[in-house]
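*Asks:* Letter by letter, the sequence shown follows residues 397 to 865 in our numbering.
Note that the Cβ used here is the ideal one computed from N, Cα and C, for glycine as well.
The model shown is predicted, which means the values in this text are computed figures rather than measured ones.
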Amino acid sequence: MACSASTCQSNCYRDQPQEEEEDAKHTNTNSIATNTISNNNRNNSHGLCLKCKANPPISADTHADDSRFCADCFRANLFGKFRFAVTSNAMISPTDNVLVAFSGGPSSRVALQFVHEMHSKAQKNFDASRDRSLPVFGVGVAFIDETSVYSVPSSEQDNAIGDITSIVENLALPTKQLYVVPIESVYSEDSGDGRERLKKLLDAVPDATGREDLLLHLRMLALQKIASQNGYNRLLLGSCISRIACHVITATVKGQGYSLPADIQYVDSRWEIPVLLPLRDCLAQELNMLCRLDGLKTVDFIRSPGSGINGLVSSFVSLLQEENPSRECTIVRTAGKLIPFHFNRIQEIDDSNVPLATRRRQKRYNLKPNECFSSESFCFICNGPLSKSDLLSLRNLEQCQTSPDTFVGACCSSCRFQVLPQDPSLLDQFSAVLPRQLVARVKHDNLDNYSVLREQIQDCLLSESDDET
Ligand SMILES: [Zn+2]
Ligand SMILES: [Zn+2]
Numbered sequence: 397m398a399c400s401a402s403t404c405q406s407n408c409y410r411d412q413p414q415e416e417e418e419d420a421k422h423t424n425t426n427s428i429a430t431n432t433i434s435n436n437n438r439n440n441s442h443g444l445c446l447k448c449k450a451n452p453p454i455s456a457d458t459h460a461d462d463s464r465f466c467a468d469c470f471r472a473n474l475f476g477k478f479r480f481a482v483t484s485n486a487m488i489s490p491t492d493n494v495l496v497a498f499s500g501g502p503s504s505r506v507a508l509q510f511v512h513e514m515h516s517k518a519q520k521n522f523d524a525s526r527d528r529s530l531p532v533f534g535v536g537v538a539f540i541d542e543t544s545v546y547s548v549p550s551s552e553q554d555n556a557i558g559d560i561t562s563i564v565e566n567l568a569l570p571t572k573q574l575y576v577v578p579i580e581s582v583y584s585e586d587s588g589d590g591r592e593r594l595k596k597l598l599d600a601v602p603d604a605t606g607r608e609d610l611l612l613h614l615r616m617l618a619l620q621k622i623a624s625q626n627g628y629n630r631l632l633l634g635s636c637i638s639r640i641a642c643h644v645i646t647a648t649v650k651g652q653g654y655s656l657p658a659d660i661q662y663v664d665s666r667w668e669i670p671v672l673l674p675l676r677d678c679l680a681q682e683l684n685m686l687c688r689l690d691g692l693k694t695v696d697f698i699r700s701p702g703s704g705i706n707g708l709v710s711s712f713v714s715l716l717q718e719e720n721p722s723r724e725c726t727i728v729r730t731a732g733k734l735i736p737f738h739f740n741r742i743q744e745i746d747d748s749n750v751p752l753a754t755r756r757r758q759k760r761y762n763l764k765p766n767e768c769f770s771s772e773s774f775c776f777i778c779n780g781p782l783s784k785s786d787l788l789s790l791r792n793l794e795q796c797q798t799s800p801d802t803f804v805g806a807c808c809s810s811c812r813f814q815v816l817p818q819d820p821s822l823l824d825q826f827s828a829v830l831p832r833q834l835v836a837r838v839k840h841d842n843l844d845n846y847s848v849l850r851e852q853i854q855d856c857l858l859s860e861s862d863d864e865t
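Written as structure tokens, this is what we have:
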């Protein structure tokens with residue numbers, strides 16, 4: 397299926413892992429340059445697929461993005477990008493248990509499909525092997541039900557959840573466990589009516605963008621909880637390049653430049669359960685196209701369109717993409733030059749159950765300590781790494797550990813302005829209905845680290861009396 401010609405410029409990913417390794421250094425550049433190259437090649441492809449040069453391309457319209465490959469090559473290319481991301485970052489090893497976050501949309505639908513294909517193949521190899529020594533990784537699926545936030549008629553929601561269940565059930569064997577969990581599960585059961593508390597929490601945030609962002613962080617919290625309670629050690633998301641491009645712009649606009657590089661890598665291990673983004677090199681258009689081609693069923697949920705910065709940026713980026721199909725790649729590639737953090741890697745595996753090839757690959761591609769920043773303090777709301785200036789604003793924290801000021805001091809400047817209510821009465825309400833996990837983050841992580849930092853920079857700090865003059 398995959399192309400083996402060394403002169404091929406069509407961004408094919410080859411079948412052989414060794415070849416993948418050889419090409420690794422160039423791959424990112426290749427995948428990003430695809431669109432540009434394809435523009436040049438369109439004229440000399442004589443109406444045939446650029447890769448196999450045998451079948452007609454999916455679309456006859458030479459200006460359309462799907463005029464490069466035939467359906468088979470298109471599919472193989474997209475799966476190749478996914479598999480390359482998984483293998484070169486050692487995302488999934490045979491002993492892992494992977495939870496796929498499924499929202500019903502095309503990106504996570506493709507992520508689910510690809511994980512399923514990898515899983516079936518591993519299972520086949522296992523069944524065929526004589527000694528059955530190599531285990532097969534486990535797969536589960538999680539769906540976060542947000543009906544309590546978006547008022548959707550219950551019949552519609554029931555239908556949608558029915559569709560999600562049938563999508564997961566209809567994947568070929570082995571059966572995958574599906575967890576449908578309401579977003580208010582971020583509250584522990586003994587803390588009263590979660591739905592009511594969640595409503596109060598969101599009501600206390602006056603800013604529309606802040607509310608959307610808070611909900612996003614809570615969604616991650618809910619996913620982490622499902623994974624950790626059910627024995628998963630990897631959380632796989634369907635975030636594609638288009639989504640990440642929007643995040644790059646919104647984070648920049650919101651003043652989250654310091655923590656931005658943490659969010660846009662293949663791996664994010666700052667969470668208890670490391671988060672994987674294997675579709676980081678795939679465009680939303682490509683994923684939509686695959687769903688159409690293969691009849692992968694998706695589920696639409698009625699969610700209010702982003703009303704604040706997020707909505708504006710998303711329409712801005714799609715406008716840019718319409719004008720020039722490589723814009724999203726350019727945005728992500730530019731942000732990709734920022735130095736990642738030490739947690740943007742999978743911890744190196746030292747397990748004899750894991751094939752030597754996987755361990756070698758991991759050693760080779762994993763971030764080296766000199767290629768990344770380290771950060772030990774995180775915003776209690778968004779879990780973004782805190783910059784030194786954020787940490788210094790924690791200066792009053794030691795004195796007032798029980799007051800709502802603690803919350804103001806323990807988050808990044810972006811969350812402080814966008815999510816935390818400025819009105820003291822709302823802030824009281826907000827801190828009273830925070831999920832316990834977030835409150836715990838405020839108390840444990842940052843205070844210790846703040847004291848360490850304070851000791852380090854003691855000589856440079858103004859004394860209290862200096863400060864007042
Ligand atoms: Zn082809
Ligand atoms: Zn934050």
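1. Are there any heavy atoms of ligand 1 lying less than 7 Å away from the beta-carbon of Asn451, as far as the coordinates show?
2. Taking the straight line between their C-alpha atoms, what separation do you get for Leu816 and Ala450?
3. Hey, would you say the C-beta of Ser827 is under 7 Å away from at least one heavy atom of ligand 2?
4. Is it the case that the Cβ atoms of Tyr575 and Gly536 are separated by a distance below 8 Å?
5. When a residue counts only if its C-beta is closer than 6 Å to some heavy atom of ligand 2, which residues count, in chain order?
6. With a threshold of 16 other CB atoms inside 10 Å of the CB of Ile735, please say whether the residue is buried or exposed.
7. Per DSSP, Ala497 forms a beta bridge with which residues?
8. Measuring alpha carbon to alpha carbon, tell me which residue in Ser655, Cys636, Asp554 and Ala641 is nearest Cys775.
9. Answer yes if the stretch 505 to 514 comes into contact with the stretch 598 to 605, meaning at least three C-beta pairs across the two stretches below 8 Å, and no otherwise.
10. Considering only C-alpha positions, which residue in the set Asn626, Asn740 and Arg630 is nearest to Asp659?
11. Residues bridged to Pro578 by DSSP?
12. Does Tyr546 pass the burial test, meaning 16 or more other C-beta atoms within 10 Å, or should it be called exposed?
13. Do the CB positions of Thr376 and Asn706 come within less than 8 Å of each other?
14. Just to confirm, does Phe465 get its C-beta within under 7 Å of one of the non-hydrogen atoms of ligand 4?
15. Let me confirm a value: Gln414 is counted as buried when at least 16 other C-beta atoms fall within 10 Å, else exposed. Which label applies?
16. If you run the structure through DSSP and keep just helix, strand and coil, what is Asp664?
17. Counting beta carbon pairs with one atom in the stretch 461 to 472 and one in the stretch 579 to 586, are three or more of them shorter than 8 Å?
18. Does the Cβ of Leu474 have 16 or more other Cβ atoms within 10 Å, making it buried, or fewer, making it exposed?
19. Is Leu633 near Leu672, with beta carbons less than 8 Å apart?
20. According to the Cβ coordinates, are Ile637 and Glu724 closer than 8 Å?
21. Could you give the C-beta distance for Val564 and Ile640, rounded to a whole number, given that I count them as a contact under 8 Å?
22. Going by C-alpha to C-alpha distance, which of Ser710, Glu719, Ala497 and Gly651 sits closest to Pro781?
23. Please say whether Gly476 and Ile560 have beta carbons closer to each other than 8 Å?
24. Note down the Cα distance separating Ala556 from Asp696, rounded to an integer number of angstroms.
25. Report the three-state DSSP secondary structure of Pro549 (helix, strand or coil).
26. Determine the DSSP secondary structure at Arg630, reduced to helix, strand or coil.
27. If you drop the 5 nearest sequence neighbours on each side, which residues of the same chain put their C-beta closer than 6 Å to that of Gln553?
28. Could you please give me the residues that DSSP links to Val835 through a beta bridge?
29. If we ignore side chains and look at the alpha-carbon of each, how far apart do Ser455 and Ser722 end up?
30. Here's a check: name, in chain order, each residue in its chain whose Cβ is nearer than 8 Å to the Cβ of Leu610, leaving out the five neighbours to either side.
31. Candidates Phe803, Ala486, Arg676 and Gln681: which alpha carbon is nearest Gln818's?
32. By DSSP, does Pro657 sit in helix, in strand, or in coil?
33. Is Lys447 near ligand 1, going by C-beta to nearest heavy atom under 7 Å?
*Replies:* With the structure as the only source:
1. What you label residue 451 is simply residue 55 of the sequence shown in a count that begins at 1. Yes.
2. Here residue 816 refers to the residue found at position 420 of the sequence shown. Here residue 450 refers to the residue found at position 54 of the sequence shown. Going from the Cα of Leu816 to the Cα of Ala450 covers about 58 Å.
3. In the sequence shown, counting from the first residue as 1, residue 827 sits at position 431. Remark: the C-beta of Ser827 is outside contact range of ligand 2, defined as less than 7 Å to any heavy atom.
4. Along the sequence shown, read from residue 1 onward, the residue named residue 575 stands at position 179. Along the sequence shown, read from residue 1 onward, the residue named residue 536 stands at position 140. Pairing Tyr575 with Gly536 gives a Cβ-Cβ distance under 8 Å.
5. Ordered by chain, the residues meeting the criterion of a beta-carbon within less than 6 Å of a non-hydrogen atom of ligand 2 are Cys775, Ile777, Cys778, Gly780, Cys807, Cys808, Ser810 and Cys811.
6. The count along the sequence shown starts at 1 and reaches residue 735 at position 339. Within a 10 Å sphere around the beta-carbon of Ile735 sit fewer than 16 other beta-carbons, which makes this residue exposed.
7. Indexing the sequence shown from 1 puts residue 497 at position 101. Paired residues: Ala538.
8. Residue numbering aside, residue 775 sits at position 379 when the sequence shown is read from its first letter. Closest option to Cys775, Cα to Cα, is Ser655.
9. Verdict: no, contact absent.
10. The residue given as residue 659 occupies position 263 in the sequence shown. Checked all of Asn626, Asn740 and Arg630; the closest Cα to Asp659 is Asn740.
11. By one-based count along the sequence shown, residue 578 stands at place 182. Note: Pro578 is bridge-paired with Asp541 in the DSSP secondary-structure output.
12. Residue mapping note: residue 546 aligns to position 150 of the sequence shown, counting from 1. Exposed.
13. There is no way to answer for residue 376, as the model of the chain reaches only from 397 to 865.
14. For ligand 4, the structure offers nothing, since it holds only ligand 1 and ligand 2.
15. For the purposes of this step, residue 414 is taken as the residue at position 18 of the sequence shown. Model confidence at Gln414 stands at a pLDDT of 41, short of 50, so the residue's coordinates are unreliable; what they give is reported in the following sentence. Counting Cβ neighbours within 10 Å, Gln414 comes out exposed, since fewer than 16 surround it.
16. In the sequence shown, residue 664 corresponds to position 268, counting from 1. Here Asp664 sits in strand by DSSP.
17. Flag = no, the stretch 579 to 586 and the stretch 461 to 472 do not touch.
18. Sequence index remark: in the sequence shown, residue 474 carries index 78 (1-based). The Cβ neighbour count for Leu474, taken over all protein chains shown within 10 Å, is at least 16; the residue is labelled buried.
19. By one-based count along the sequence shown, residue 633 stands at place 237. By one-based count along the sequence shown, residue 672 stands at place 276. It is a contact, given that the beta carbons lie within the stated cut-off.
20. The residue you call residue 637 lines up with position 241 of the sequence shown. The residue you call residue 724 lines up with position 328 of the sequence shown. For Ile637 and Glu724, yes; Cβs fall inside 8 Å.
21. Counted from its first residue, the sequence shown places residue 564 at position 168. Counted from its first residue, the sequence shown places residue 640 at position 244. No, Val564 and Ile640 are not in contact; Cβ-Cβ is about 26 Å, not under 8 Å.
22. Position 385 of the sequence shown, counted from the start, is the residue given in the question as residue 781. The residue with the shortest Cα to Cα distance from Pro781 is Gly651.
23. In the sequence shown, counting from the first residue as 1, residue 560 sits at position 164. In the sequence shown, counting from the first residue as 1, residue 476 sits at position 80. No, they are not a contact pair.
24. For the purposes of this step, residue 556 is taken as residue 160 along the sequence shown, with counting starting at 1. For the purposes of this step, residue 696 is taken as residue 300 along the sequence shown, with counting starting at 1. One Cα belongs to Ala556, the other to Asp696, and the distance between them is close to 8 Å.
25. The residue you call residue 549 lines up with position 153 of the sequence shown. In the structure shown, Pro549 sits in coil (DSSP, three-state: anything other than H, G, I, E or B).
26. The sequence position of residue 630 within the sequence shown is 234, counting from 1. Three-state result, Arg630: strand.
27. Start at 1 with the first residue of the sequence shown, and residue 553 comes out as number 157. Excluding positions up to five away in sequence, the list reads Thr543.
28. On the sequence shown, position 439 is the one that residue 835 refers to. Answer is none; Val835 lacks a bridge partner.
29. Here the question's residue 455 lines up with position 59 in the sequence shown. Here the question's residue 722 lines up with position 326 in the sequence shown. When rounded, the distance between both Cα atoms is 19 Å.
30. The residue given as residue 610 occupies position 214 in the sequence shown. Same-chain partners within the cutoff: Leu597, Leu598, Val601, Ile777 and Val815.
31. What you label residue 818 is simply residue 422 of the sequence shown in a count that begins at 1. Ranked by Cα distance from Gln818, the options Phe803, Ala486, Arg676 and Gln681 are led by Phe803.
32. Position 261 of the sequence shown, counted from the start, is the residue given in the question as residue 657. DSSP places Pro657 in helix when its eight states are reduced to three.
33. In the sequence shown, residue 447 corresponds to position 51, counting from 1. For ligand 1, a non-hydrogen atom lies closer than 7 Å to the CB of Lys447.
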